[in-house]
Structure formats: C-alpha cells, structure tokens
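Enquirer: Start counting the sequence shown at 1239; every next residue gets the next number (my numbering).
The beta carbon of each residue, even a glycine, is placed where N, CA and C say it ideally should be.
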Amino acid sequence: MNKTYDNIVEAAIEIFNNDFSANLDLVAQKAGTSSRTMQRYFKGRDDLIDVCREMMMVYCQGMMQDAYDASDNPLKQLELTLYAVIDCGSKFRFLQKLDKRKSFSELSQDEKQTGMDNIKSKWFGVISELRKKDLINKGLNDAWVYTLFGCIVDGTIEVFESGDVAPNEVKKIAWYSFSKGIGLTVK
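(1) Helix, strand or coil for Gly-1419? Go by DSSP, reduced to three states.
(2) Rank Phe-1254, Pro-1312, Ala-1269 by C-alpha distance to the C-alpha of Lys-1329 and give the top, closest one.
(3) To the nearest angstrom, how far is it from the Cα of Ser-1272 to the Cα of Ala-1266?
(4) Would you mind sorting Phe-1280 into buried or exposed? The rule is 16 or more other CB atoms within 10 Å of its CB.
(5) Alpha carbons only, please: which of Leu-1264, Ile-1287, Met-1293, Leu-1320 is nearest the one belonging to Asp-1304?
(6) When we look at the beta-carbon of Phe-1258 and count the other beta-carbons within 10 Å, is it buried (16 or more) or exposed?
(7) Could you check where the alpha helix (DSSP H) with Val-1296 kicks off and where it finishes?
(8) Within a Cβ cutoff of 6 Å, which residues of the same chain sit near Met-1302, ignoring the five residues on either side of it in sequence?
(9) Would you kindly check if the distance between the Cβ of Glu-1399 and the Cβ of Gly-1327 is under 9 Å?
(10) Which residue's Cα is closest to the Cα of Val-1364: Gln-1299, Asn-1240, Arg-1274, Asn-1311?
(11) For Lys-1371, which three-state DSSP category applies?
(12) Out of Met-1276, Leu-1313, Lys-1360, Ile-1324, state which residue places its alpha-carbon closest to the alpha-carbon of Tyr-1297.
(13) Within this structure, are the beta carbons of Gly-1270 and Asn-1245 separated by less than 9 Å?
(14) With a 10 Å radius around its C-beta and 16 neighbouring C-beta atoms as the bar for buried, classify Tyr-1306 as buried or exposed.
(15) Within a Cβ cutoff of 8 Å, which residues of the same chain sit near Pro-1405, ignoring the five residues on either side of it in sequence?
(16) Compute the Euclidean distance between the alpha carbons of Ile-1374 and Gln-1299, then round it to the nearest angstrom.
In structure tokens, the structure reads:
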C-alpha cells in the first residue's frame, strides 16, 4: 500500500508477537506514527491483526512454494520447506499464535483464500511420499510430524533470535533435529 501502512503492519507483527495483548499505542510508537494515523488505515485492533495474518500467510506461502519448486526430490523439498519456514521467522511464530484450531488438518478461511491449503497439501504429500519409501518412521502419524515440524521451527527461531547459536549453524541443527525426530533414514 505505502510505507506508513507497511511500517504499521511490521511493527504490529513484532509487538503482538512479543505481547499479543499489547495495545495499539505501542504499535503506533514502534511504527513511528500516531494513533490517529493508524485509525486512517485500520478500523481497529482486529482489523490490523487480520491484515497482519493475511500478509504473513502470503509471505510464508511464497517462501514455501519456492522451496517446493527448487527440487523434485521429496527429501530435499522437506529440508527446503523447513529452511523456508525458518526464514519466515517471526511471521511464522505470529501465525502459530493466531492459529487456534483444534485439529492440525483443519484449514482456516484465511488459509483457503490465500492458497495456503495447496501448500499444506503439498507438505503432507511430501511426508506421505517419504513414508511410502520407508524413509520416515511409520509409527509417527501426520499430526505428530506436523507438530514436531512447527516445534522445531519455533525453537530454531527462538535460539536464532537469542543469539545462542551461530546464525550459519541454526538451519543445519534444525534439520538434524527434525530429521532424527521423524526417524528419517536415507537409503
């Protein structure tokens, strides 16, 4: 839209990611604008959160699609999607916080509208293909693998942001942890 709008959305993502109950005055302060300016762009807090959700979903969807397109090998696709979601960083963490669904397989209306359902289906397809090739422990169901994936990403982002692990090592450690966690074997 414009620079002010983008600054407000980025500030909101950062503020709400750290404190979801934060008020709009903190967002305005972080964005370097006034509450009145924010009111010109957004009807209220819920409207701003909806815009944040949509922008983050589109961004993360693009990153994951690029990961799928980078290889035809399902093992490499899985590794690259992990890296893509890690690169989404705080945007992914914020989406996780907004995700209040009870079932891992349900899709929100936002996911359907942004095409995230296609991305999620591809991810489960990759898992299914690896399972058929006996590369993933068959005792782990999709819900477990999906949840583990999210937890590995969340932990990786947290460690990266804290500075406790060298940036060039974070992704390798994440892939090692996830691949071992799902019993990945390369034949």
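Expert: On the basis of the data shown:
(1) Start at 1 with the first residue of the sequence shown, and residue 1419 comes out as number 181. Here Gly-1419 sits in helix by DSSP.
(2) Working through the sequence shown from its first residue, we reach residue 1329 at position 91. For the residues Phe-1254, Pro-1312, Ala-1269, the minimum Cα distance to Lys-1329 belongs to Phe-1254.
(3) Stepping through the sequence shown from its first residue, residue 1272 is reached at position 34. Stepping through the sequence shown from its first residue, residue 1266 is reached at position 28. Those two C-alpha atoms are separated by around 6 Å.
(4) For the purposes of this step, residue 1280 is taken as residue 42 along the sequence shown, with counting starting at 1. Using a 10 angstroms sphere on the CB of Phe-1280, the tally of other CB atoms reaches 16 or more, which defines it as buried.
(5) Residue numbering aside, residue 1304 sits at position 66 when the sequence shown is read from its first letter. Ranked by how close their Cα comes to the Cα of Asp-1304, the residues Leu-1264, Ile-1287, Met-1293, Leu-1320 have Leu-1320 in first place.
(6) Position 20 of the sequence shown, counting from 1, holds the residue named residue 1258. Taking every protein chain shown into account, the CB of Phe-1258 has fewer than 16 other CB atoms within 10 angstroms, so this residue is exposed.
(7) Here residue 1296 refers to the residue found at position 58 of the sequence shown. Boundaries of the alpha helix (DSSP H) harbouring Val-1296: 1283-1307, taken from the DSSP string.
(8) For the purposes of this step, residue 1302 is taken as residue 64 along the sequence shown, with counting starting at 1. Non-local beta-carbon contacts of Met-1302 in its own chain, meaning distances under 6 Å to residues more than five positions away in sequence, involve Thr-1319, Ala-1322, Ile-1357 in chain order.
(9) Along the sequence shown, read from residue 1 onward, the residue named residue 1327 stands at position 89. Along the sequence shown, read from residue 1 onward, the residue named residue 1399 stands at position 161. Closer than 9 Å, so yes.
(10) Sequence index remark: in the sequence shown, residue 1364 carries index 126 (1-based). Nearest C-alpha to Val-1364: Asn-1311.
(11) Walking along the sequence shown from the start, residue 1371 turns up at place 133. Correct three-state label for Lys-1371: coil.
(12) Counting from one through the sequence shown, the residue named residue 1297 turns up at place 59. Closest in alpha carbon position to Tyr-1297, among Met-1276, Leu-1313, Lys-1360, Ile-1324, is Ile-1324.
(13) As a working note, residue 1270 is residue 32 in the sequence shown. As a working note, residue 1245 is residue 7 in the sequence shown. Yes, they are a contact pair.
(14) Within the sequence shown, the letter at position 68 stands for residue 1306. Looking at its Cβ environment, which holds 16 or more other Cβ atoms inside 10 Å, Tyr-1306 is buried.
(15) The sequence position of residue 1405 within the sequence shown is 167, counting from 1. The residues are Phe-1398.
(16) As a first step, residue 1374 must be located in the sequence shown, where it is residue number 136. As a first step, residue 1299 must be located in the sequence shown, where it is residue number 61. Rounded to the nearest angstrom, the two C-alpha atoms are 24 Å apart.
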